[in-house]
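Engineer: Under our numbering, the first residue of the sequence shown is numbered 668, with each subsequent residue one higher. Glycine included, C-beta positions come from ideal geometry on N, C-alpha and C.
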Amino acid sequence: SLARTISRVLYPDDTTDLGKELRLRQEHFFTSASIQDVLRRLLSEGLSLDSLPDHVAIQLNDTHPAIAGPELIRLLVDEHGMEQRQAMETARACLAFTNHTLLPEALERWSEGLFARILPRHHEIVRFVEEEHLRRSGSDVRIIENGEVKMGELAFVMAHRVNGVSALHSALVRQTVFAELHAAYPERVMNQTNGITPRRWLNSCNAPLRDLIDETIGTGWADDLQRLSGLRAHAEDASFRDRFRAAKKQNKMRLARWLKDRDDVSIDPDAMFDVQVKRIHEYKRQLMNILETIALWNEIRDAPNGDWTPRVKLFGGKAAPGYVMAKSIIHLVNDVAATINSDKATRDLLQVAYPANYNVSMAELLIPAADLSEQISTAGMEASGTGNMKLALNGSPTIGTLDGANVEIREHVGAENFFLFGLSAAGVVERRTASGFAQEAISASPRLGRALGQIASGVFSGGDTERFRDLLQNLLDHDRYMVTCDFESYFETQRKIDVVYQDADNWTRIAALNTAGMGWFSSDRTVRGYARDIWGASSLA
668 SLARTISRVL YPDDTTDLGK ELRLRQEHFF TSASIQDVLR RLLSEGLSLD
718 SLPDHVAIQL NDTHPAIAGP ELIRLLVDEH GMEQRQAMET ARACLAFTNH
768 TLLPEALERW SEGLFARILP RHHEIVRFVE EEHLRRSGSD VRIIENGEVK
818 MGELAFVMAH RVNGVSALHS ALVRQTVFAE LHAAYPERVM NQTNGITPRR
868 WLNSCNAPLR DLIDETIGTG WADDLQRLSG LRAHAEDASF RDRFRAAKKQ
918 NKMRLARWLK DRDDVSIDPD AMFDVQVKRI HEYKRQLMNI LETIALWNEI
968 RDAPNGDWTP RVKLFGGKAA PGYVMAKSII HLVNDVAATI NSDKATRDLL
1018 QVAYPANYNV SMAELLIPAA DLSEQISTAG MEASGTGNMK LALNGSPTIG
1068 TLDGANVEIR EHVGAENFFL FGLSAAGVVE RRTASGFAQE AISASPRLGR
1118 ALGQIASGVF SGGDTERFRD LLQNLLDHDR YMVTCDFESY FETQRKIDVV
1168 YQDADNWTRI AALNTAGMGW FSSDRTVRGY ARDIWGASSL A
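1) Roughly how many angstroms separate the alpha carbons of L1143 and A1105, rounded to a whole number?
2) M955 to K994, Cα distance in whole Å?
3) Mind reading off the beta-carbon distance from H767 to D729? Whole number of angstroms is fine, and I expect it under 8 Å.
4) Where do the ends of the beta strand (DSSP E) carrying K1011 lie?
5) Rounded to whole angstroms, what's the CA-CA distance from E959 to L869? Just pull it up for me.
6) Please classify A1023: is it buried, with 16 or more other beta-carbons within 10 angstroms of its beta-carbon, or exposed?
7) For the segment 1099-1117 against the segment 1146-1155, are there 3 or more C-beta pairs whose distance is under 8 Å?
8) Hey, could you find the ends of the alpha helix (DSSP H) D937 is sitting in?
9) Tell whether a beta-carbon distance below 9 Å holds between D1002 and R1134.
10) Apart from the five residues on each side of it in sequence, which residues of its chain come closer than 7 Å, Cβ to Cβ, to G1196?
11) Buried or exposed: which applies to L669, given that a residue is buried once 16 or more other Cβ atoms fall within 10 Å of its Cβ?
12) Which whole runs of the alpha helix (DSSP H) in the segment 1105-1192 are 4 residues long or more, in chain order?
13) State yes or no: is the C-beta of F782 within less than 9 Å of the C-beta of L691?
14) Taking L762 and A826 to be in contact with their CB atoms under 8 Å, please state how far apart those CB atoms are, rounded to whole angstroms.
15) What distance in whole Å lies between the Cβ atoms of A1046 and T659, which are believed to be in contact at a cut-off of 8 Å?
16) Looking at the structure shown, is S1040 part of a helix, part of a strand, or coil, going by DSSP?
17) Cα-Cα, which of H695, P971, E746 is closest to L1017?
18) Only counting the same chain, and skipping five residues up and downstream in sequence, which positions put a Cβ closer than 6 Å to that of L1058?
19) Hey, would you say A834 sits closer than 9 Å to V1194, going by beta carbons?
20) In the structure shown, what three-state DSSP assignment does T883 receive?
21) Might you give, ordered along the chain, the residues of its own chain that have their beta carbon closer than 8 Å to the beta carbon of A913, omitting 5 neighbours on each side?
22) Bridge partners of K817, per DSSP?
23) What do you get for A700, buried or exposed, if any count of 16 or more other CB atoms within 10 angstroms of its CB means buried?
24) Helix, strand or coil for F982? Go by DSSP, reduced to three states.
25) Determine the direct distance from the alpha carbon of D904 to that of V840, and round the result to whole angstroms.
26) Please confirm if I1164 has its CB atom under 9 Å from at least one CB of chain C.
27) Pick out whichever of R759, D1137, K927 has its Cα sitting closest to the Cα of V991.
28) Got a sec? Which residues, its chain only, sit under 8 Å from R1161 by beta carbon, not counting five neighbours each side?
29) Identify whether R621 lies in helix, strand or coil by the three-state DSSP scheme.
30) Under DSSP, the beta strand (DSSP E) around N858 begins and ends at which residues?
31) Along the chain, where does the alpha helix (DSSP H) that runs through R809 open and close?
32) Would DSSP call F911 helix, strand or coil?
33) Let's see if you can read the secondary structure: which residues bound the alpha helix (DSSP H) around Q953?
34) Can you check the segment 688-764 for any alpha helix (DSSP H) of at least 4 residues that lies completely inside it and give the ranges in chain order?
35) Suppose you measure from the CA of Q726 to the CA of P720; what does that come to, to the nearest Å?
36) I need the straight-line Cα distance from D937 to G989, nearest angstrom please.
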């Protein structure tokens, strides 16, 4: 059936015309079904559609459901006889929009021809919404422009509230991606920093640490996460640190057993587990991580008797089906892993593992076992992140940039317990204005130049010099994500971490203070903020 075809694969590859059409149909299908059900339930309870905003709040999660505005107007006007302008105001009073990205290309834009062919009535309604917006606001920001329907602008105009998902992100929403619309509707944008559920991301997935916390500060903290602050005083207690370290070791041994059983890969649980788990994307800079891994491997080979801190580099994550560059990064990580793991001279000091098919179940093993959390996105690119929260909650200090929720995590756990590196968001903008910055950064970093040269010459690809040509050329040509500029700062910060990690007692203190500082990042606090500030809903608890 058509419904089965539309719903079989969520977010189909949209690099082809057929894929784009399927995705648009899918977004309308799911959105329409949800809204029709909302209206059915309201009417079944004997309530008037005029009272819809008093009973219904619809949160648009990024631009994928942005068709909800025109669809709700269509249903109210065409199916229920409401006047069109009233329907638009009713819809806006119900709708709020959460933006999740500062990448303009990630805000969906549909070909106007495709949109009008697939959804002709919605096209008419979008035209009406645009005319009303231009007339009332005095803004010249159009929803339909240059033959495209801009879903980010549509969602913004059709929402009574727009929010970012970290303090920095919300500020950048106002200043960059929606600056002109913010000027037209200055009260509309607000912040709701993301959160995570401690019931899954500590209480359920990390029994050793959960039990220690229960014994130390009592039970019930999972429903009142701010109580974790009670661990701060205990972080200064040597016996508590011993038990905290033992809990981490249990989780590392569990992960090592799982990896051996599933993939026949052996990793050393006494080494530092250096973890980057997230969607594969250029701005998240898994490429910089693997380049640092190559550079570290080279330095260990050059000085095998040095005072090295043994590391296991653990990667996890998937790429979008049509994202060629991200898939090339995955290929490179696996090629580098194969080379480094087969090097008898270094494998007791450096290993790389990339278990395939990352999912929540795997995350529940990797996150409790992590010693170091990699949150290394280009500053100004990450909306928030939640992996950063999960890892810090489980006692994994962060190496990170001032990006997304990293900024707030650093504030809550203490700057001295966070390993900061790299350019700020403002620094990234400034550096991009300089021509030739990538070549300049490579010239200033012999270790980076050496790593890039090894990739280019086929050291990790069996002599195939073409395999990663596009990936490397992308860095040399424009390096949009500042891998070359931040590399030296990243490498040097990693070496500082090596030194700190060798003092196990101090490292454990830092790890425990990370857990103690994460009370703010509960999803309970986030949901209360949405209910209070956006939905106007009171708690039933």
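Structural biologist: Reading off the structure:
1) C-alpha separation (whole angstroms): 6 Å.
2) Using only the alpha carbons, I get a separation of about 15 Å.
3) In this structure, H767 and D729 form a Cβ contact; the two beta carbons are roughly 5 Å apart against a cut-off of 8 Å.
4) Where K1011 is concerned, there is no enclosing beta strand (DSSP E), given that its DSSP letter is neither H nor E.
5) A direct Cα-Cα distance of roughly 30 Å separates E959 from L869.
6) Answer is exposed; the Cβ neighbour count stays below 16.
7) A contact exists between the segment 1099-1117 and the segment 1146-1155.
8) Looking at the DSSP string, D937 is not in any alpha helix (DSSP H), and its letter there is neither H nor E.
9) The answer is yes: Cβ separation under 9 Å.
10) Cβ within range, chain order: Q859.
11) Result: exposed.
12) Within the segment 1105-1192, the complete alpha helix (DSSP H) segments at least 4 residues long are 1113-1123, 1136-1144, 1150-1169, 1171-1183, listed from N- to C-terminus.
13) Closer than 9 Å, so yes.
14) Here L762 really is in contact with A826; their C-beta atoms are around 5 Å apart, less than 8 Å.
15) Residue coverage of the chain in this structure runs from 668 to 1208, which leaves residue 659 outside it and unanswerable.
16) Strand at S1040.
17) When only C-alpha atoms are compared, the closest one is P971.
18) These residues qualify, in order along the chain: I1034, A1037, S1040.
19) The Cβ-Cβ distance between A834 and V1194 does not fall below 9 Å.
20) Helix, per DSSP.
21) Spatial neighbours of A913 in its own chain (CB-CB distance under 8 Å, excluding positions within 5 residues in sequence) are listed in chain order as P875.
22) DSSP, once it has assigned bridges, lists R776 as partnering K817.
23) Per the 10 Å Cβ criterion, exposed.
24) In this structure, F982 counts as strand in the three-state DSSP scheme.
25) Spanning the two alpha carbons is a distance of roughly 43 Å.
26) This model lacks chain C altogether, as it is built from one protein chain only.
27) Among R759, D1137, K927, the Cα nearest to that of V991 belongs to D1137.
28) A quick correction: the sequence has Gln, not Arg, at residue 1161. So the qualifying residues of the chain are E959, L963, I1066.
29) Look at the range of the chain in this structure, 668 to 1208, and you will see that residue 621 is not part of it.
30) Per DSSP, N858 belongs to the beta strand (DSSP E) from 856-858.
31) Segment: none, R809 is in no alpha helix (DSSP H) and carries neither H nor E.
32) In the three-state reduction of the DSSP assignment, F911 falls in the helix class.
33) Counting along the chain, the alpha helix (DSSP H) containing Q953 begins and ends at 953-969.
34) You should have 719-722, 735-741, 751-761.
35) Cα to Cα, Q726 sits roughly 13 Å from P720.
36) Their Cα atoms are separated by approximately 38 Å.
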